[in-house]
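There are 2 protein chains.
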Amino acid sequence: MSTRPRSIQDVQTPALLVDAAGLEYNLATMAAARPGPSLRPHVKAHKCTALALRQAAAGHRRFTCATLREVEGMAVAGLNEDLLLANEVVDARRLAAVQARVTLAVDSADTIAAAAAVGLREVVIDVNVGLPRCGCRPEDAGRLAEQARARGLSVRGVMGYEGHAVGIEDRDTRTRLTEEAMLLLMLAHAQVGGELISAGGTGTYDCNVWANEIQAGSYALMDTAYARLGLPFRQALSLLATVISVSSGYAVADCGLKALGMDHGNPSINDAQVLFCSDEHVTFVPAQPVRVGDRLRVWPAHIDPTIAYHERMHVVEGEQILEIWRVDLRGW
Amino acid sequence: MSTRPRSIQDVQTPALLVDAAGLEYNLATMAAARPGPSLRPHVKAHKCTALALRQAAAGHRRFTCATLREVEGMAVAGLNEDLLLANEVVDARRLAAVQARVTLAVDSADTIAAAAAVGLREVVIDVNVGLPRCGCRPEDAGRLAEQARARGLSVRGVMGYEGHAVGIEDRDTRTRLTEEAMLLLMLAHAQVGGELISAGGTGTYDCNVWANEIQAGSYALMDTAYARLGLPFRQALSLLATVISVSSGYAVADCGLKALGMDHGNPSINDAQVLFCSDEHVTFVPAQPVRVGDRLRVWPAHIDPTIAYHERMHVVEGEQILEIWRVDLRGW
Numbered sequence: 001m002s003t004r005p006r007s008i009q010d011v012q013t014p015a016l017l018v019d020a021a022g023l024e025y026n027l028a029t030m031a032a033a034r035p036g037p038s039l040r041p042h043v044k045a046h047k048c049t050a051l052a053l054r055q056a057a058a059g060h061r062r063f064t065c066a067t068l069r070e071v072e073g074m075a076v077a078g079l080n081e082d083l084l085l086a087n088e089v090v091d092a093r094r095l096a097a098v099q100a101r102v103t104l105a106v107d108s109a110d111t112i113a114a115a116a117a118v119g120l121r122e123v124v125i126d127v128n129v130g131l132p133r134c135g136c137r138p139e140d141a142g143r144l145a146e147q148a149r150a151r152g153l154s155v156r157g158v159m160g161y162e163g164h165a166v167g168i169e170d171r172d173t174r175t176r177l178t179e180e181a182m183l184l185l186m187l188a189h190a191q192v193g194g195e196l197i198s199a200g201g202t203g204t205y206d207c208n209v210w211a212n213e214i215q216a217g218s219y220a221l222m223d224t225a226y227a228r229l230g231l232p233f234r235q236a237l238s239l240l241a242t243v244i245s246v247s248s249g250y251a252v253a254d255c256g257l258k259a260l261g262m263d264h265g266n267p268s269i270n271d272a273q274v275l276f277c278s279d280e281h282v283t284f285v286p287a288q289p290v291r292v293g294d295r296l297r298v299w300p301a302h303i304d305p306t307i308a309y310h311e312r313m314h315v316v317e318g319e320q321i322l323e324i325w326r327v328d329l330r331g332w
Numbered sequence: 333m334s335t336r337p338r339s340i341q342d343v344q345t346p347a348l349l350v351d352a353a354g355l356e357y358n359l360a361t362m363a364a365a366r367p368g369p370s371l372r373p374h375v376k377a378h379k380c381t382a383l384a385l386r387q388a389a390a391g392h393r394r395f396t397c398a399t400l401r402e403v404e405g406m407a408v409a410g411l412n413e414d415l416l417l418a419n420e421v422v423d424a425r426r427l428a429a430v431q432a433r434v435t436l437a438v439d440s441a442d443t444i445a446a447a448a449a450v451g452l453r454e455v456v457i458d459v460n461v462g463l464p465r466c467g468c469r470p471e472d473a474g475r476l477a478e479q480a481r482a483r484g485l486s487v488r489g490v491m492g493y494e495g496h497a498v499g500i501e502d503r504d505t506r507t508r509l510t511e512e513a514m515l516l517l518m519l520a521h522a523q524v525g526g527e528l529i530s531a532g533g534t535g536t537y538d539c540n541v542w543a544n545e546i547q548a549g550s551y552a553l554m555d556t557a558y559a560r561l562g563l564p565f566r567q568a569l570s571l572l573a574t575v576i577s578v579s580s581g582y583a584v585a586d587c588g589l590k591a592l593g594m595d596h597g598n599p600s601i602n603d604a605q606v607l608f609c610s611d612e613h614v615t616f617v618p619a620q621p622v623r624v625g626d627r628l629r630v631w632p633a634h635i636d637p638t639i640a641y642h643e644r645m646h647v648v649e650g651e652q653i654l655e656i657w658r659v660d661l662r663g664w
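In structure tokens form, the structure reads like this:
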């Protein structure tokens, strides 16, 4: 675009819209519940340093990253005070060049070796607390911490993501699974030591009372999957789409599965039933008639893979575009 | 990357790999079955002008696009002889600036008006042949063609995508549904006239004997969903991933749902069972033990939304990287 659009009416669709008030509400609500370093916002959810700067302004100076590029981009944006790469890396050479305090998750002798090989200084021991993904067995955490220290690494503590719990709608079940997971993490921490007990996500930001920092990301913008949990955060991210075709009984808008993460299912449209998505289309049954050229909001089921498809987000107040943010941490 | 990697061993994962021999085989096989203008390759599948240039070299000079950016990028790459934007557009201003022969799909008075308003010259009437998406009713096609001609537009013919048929595994059922759909399209064409009867996809490239050009895209690289149809094309696109964590009973590689379109389900890994994908991980059960640092190929279930996540594709012959292609038609 040659000139910056001032109104969403001038934006090419599909386009990501961030509701400025909703975002600010979410940031303030989380900062009140989890002030300062008790939240380590996960940038994987939004992949946007402009949004991370807002989180920093809300008091959080430590961040969680999932990829090397997220770490690099955060450092370039000056958000380099304390970056945790909460993921295992076999080739850590790129981290050695990052101008930031970087702490790397390790869960094996190999990943400890990868960290030591490139002169990284700090690690956390990643512990499997129930999600079958990365992380060592709790009973192996102490041994790995010793290995890391023997390689000259400072072990800042433990992390363990209760990803099998964060999305469960029933709060009691979610809380119980979180407790079981965190007892494993505390067991590991007792062997490992260190200042950090890092865990959690948006779904467990308040019921996880064991971790001393929560790696929540989705809370800032939310999505329809997390909305079902009854959390005090507002859906602040939508996709603006244009109706391009109207037939008897259904209509089609120009927002398809290349503009949406589909792993949590179809998106939602207010006052409409979504039938299916194609590459560049969503077919839906509107409750009230729509016309070609009408614009509507599509609510993604999962924001993380949705945002990763987009180059930019438009921060809006009603129809007015306040800012345009680059999604600058995409890729790997 | 400062220096261009020569071997896939030097590539950062996750990384898209195009098997050069498989691609060439697929292009040659299709060009033999559907030579020259009887195929109008759909660039939405790969979003890569370097690959489109190979399709042009195989004899296809007319292309199908799904987005304004695809049209713009193809024109910039010099592949501007005959571009069909097989999608409805409400605001066609950007097309007016494209240096190419552009034909636009229309299915309503509004989209005809949008084409005429910016001085486009050529359209096709998009006909609904059974997939509940865009396209007018067959019986309305003639009337719309008259409207378009009255607005000074040249109507080149009809298009109608049998998207409800292309993915059906049973060939007889696929053929029958295609025939039913194409009878509707021929009905529309009888009213509309024009040189083009444009339809089809990879799944119906040979059983659709009614259309005079087939809009196939996936055939060039294929995916696990299309592989089930028993077509004579090879899976030529994989994701290179690195094992980053090994636990008792499963392992994790660094290729997750932000590197994969998930609308057709989980990807596949040879000699392994894929359990699930997270944002940056795939958890799988390998038949043989794997080690941290091992590299493996992940086969996407649906290439179109997979490629749209990536900046580049590595064209390989075994371990050797022959070329690196930009995925330059991403976005909108």
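As they're listed, the protein sequences go chains U and Z. Quick note: the first sequence, position 145, residue 145 per the numbering used here, numbers continuous. Quick note: the second sequence, position 210, residue 542 per the numbering used here, numbers continuous. The C-beta atom is built at its ideal place from N, Cα and C for all residues, glycine as well.
### Task
Could you tell me the distance, in whole angstroms, from the CA atom of A448(Z) to the CA atom of G484(Z)?
Whole-angstrom Cα-Cα distance: 7 angstroms.
### Query
Among residues of its own chain, excluding the 5 on either side of M186(U), which ones have a beta-carbon nearer than 8 angstroms to its beta-carbon?
Excluding residues within five positions, the ones whose Cβ falls inside 8 angstroms are I197, W210.
### Message
Let me make sure I understand the geometry here. Which of L383(Z), C539(Z), Q652(Z) has the alpha-carbon closest to that of D504(Z)?
### Response
The shortest C-alpha separation from D504(Z) is found at C539(Z).
### Query
Mind pulling the chain Z residues with CB within less than 7 angstroms of E311(U)?
Result: G663.
### Query
Excluding the five sequence neighbours on either side, which residues of its own chain have a C-beta within less than 8 angstroms of the C-beta of D271(U), listed in chain order?
P286, A287, Q288.
### Query
In the structure shown, what three-state DSSP assignment does V622(Z) receive?
Coil.
### Query
Tell me which same chain residues have a C-beta within less than 6 angstroms of the C-beta of M333(Z), skipping the five on either side of it?
A caution first: M333(Z) carries a pLDDT of 44, below 50, which makes its placement in the model unreliable, though a value can still be read off. Closer than 6 angstroms at Cβ, skipping near neighbours: no residue.
### Query
Within 10 angstroms of its Cβ, does P305(U) collect 16 or more other Cβ (buried), or is it exposed?
With 16 or more Cβ atoms within 10 Å of its Cβ, P305(U) is classed as buried.
#### Entry: Three-state class that DSSP yields for M514(Z) in the structure shown
DSSP, read as helix, strand or coil, puts M514(Z) in helix.
#### Entry: Rounded C-alpha distance that separates A573(Z) from A377(Z)
Those two C-alpha atoms are separated by around 22 angstroms.
### Query
Do you know offhand how far S278(U)'s Cα is from L589(Z)'s?
Taking the straight line from one Cα to the other gives about 18 angstroms.
### Task
Can you grab the Cα-Cα spacing for the pair V455(Z) / H521(Z), in whole Å?
Those two C-alpha atoms are separated by around 13 angstroms.
### Query
Smallest Cα separation from P267(U): which of V327(U), G249(U), P41(U), A225(U)?
Of V327(U), G249(U), P41(U), A225(U), the residue nearest in Cα terms is A225(U).
### Query
Across which residues does DSSP place D351(Z) in a beta bridge pair?
Note: D351(Z) sits in a beta bridge opposite V648(Z).
### Query
In or out: E88(U) buried (at least 16 other Cβ within 10 Å) or exposed?
Answer is buried; the Cβ neighbour count reaches 16.
### Query
Would you say N334(U) faces chain Z, with C-beta separation under 8 angstroms as the test?
With chain U covering 1 to 332 only, the question about residue 334(U) has no answer from this structure.
### Message
Could you give the first and the last residue of the continuous beta strand (DSSP E) run that contains T536(Z)?
### Response
Looking at the DSSP string, T536(Z) is not in any beta strand (DSSP E), and its letter there is neither H nor E.
### Message
Output needed for A441(Z): all residues of its chain with C-beta closer than 7 angstroms, excluding positions within five of it in sequence on either side, in chain order.
### Response
These residues qualify, in order along the chain: Q479.
### Inter-residue CB distance, A352(Z) and V647(Z) (contact presumed, cutoff 8 angstroms)
A Cβ-Cβ distance of about 5 angstroms is found for the pair A352(Z) and V647(Z), placing them in contact under the 8 angstroms criterion.
### Query
Is the shortest distance between the beta-carbon of T49(U) and the beta-carbons of chain Z less than 8 angstroms?
Cβ-Cβ to chain Z under 8 angstroms: no for T49(U).
### Query
Taking the alpha carbon of D140(U) as the point to measure from, which residue in R156(U), Q191(U), N212(U) has its own alpha carbon closest?
Of the listed residues, the one whose Cα sits closest to D140(U) is Q191(U).
### Query
Hey, does R629(Z) have any beta-carbon neighbour from chain U nearer than 8 angstroms?
Proximity of R629(Z) to chain U, defined by a Cβ-Cβ separation below 8 angstroms, is not satisfied.
### Query
For D442(Z), which three-state DSSP category applies?
In this structure, D442(Z) counts as helix in the three-state DSSP scheme.
### Query
Whose Cβ in chain Z lies nearer than 8 angstroms to the Cβ of P262(U)?
The identity of residue 262(U) in the sequence shown is Met, whereas the question assumes Pro. Those within 8 angstroms of M262(U) in chain Z are G593, M594, D595, P637.
### Query
If you count every other CB in all the chains shown that lies within 10 Å of the CB of E591(Z), and 16 or more means buried, which is it?
The question names Glu, but residue 591(Z) is Ala in the sequence shown. By the neighbour-count definition (other C-beta atoms within 10 Å, threshold 16), A591(Z) is a buried residue.
### Query
Which residues bound the alpha helix (DSSP H) around E146(U)?
Counting along the chain, E146(U) sits inside the alpha helix (DSSP H) bounded by residues 141–150.
### Query
Under a three-way DSSP split, which group does M1(U) fall into?
In this prediction, M1(U) has a pLDDT of 44, which is less than 50 and means its spatial position is unreliable; nothing more can be read from the coordinates.
### Message
Short of 9 angstroms Cβ to Cβ, which residues in the region 462–473 of chain Z face chain U?
### Response
Residues of the region 462–473 of chain Z with a C-beta atom less than 9 angstroms from some C-beta of chain U are L463, P464, R465, C466, G467, C468, R469, listed in chain order.
### Task
Give me the Cα-Cα distance between L476(Z) and Q273(U), rounded to the nearest whole angstrom.
Between L476(Z) and Q273(U), the C-alpha separation is close to 29 angstroms.
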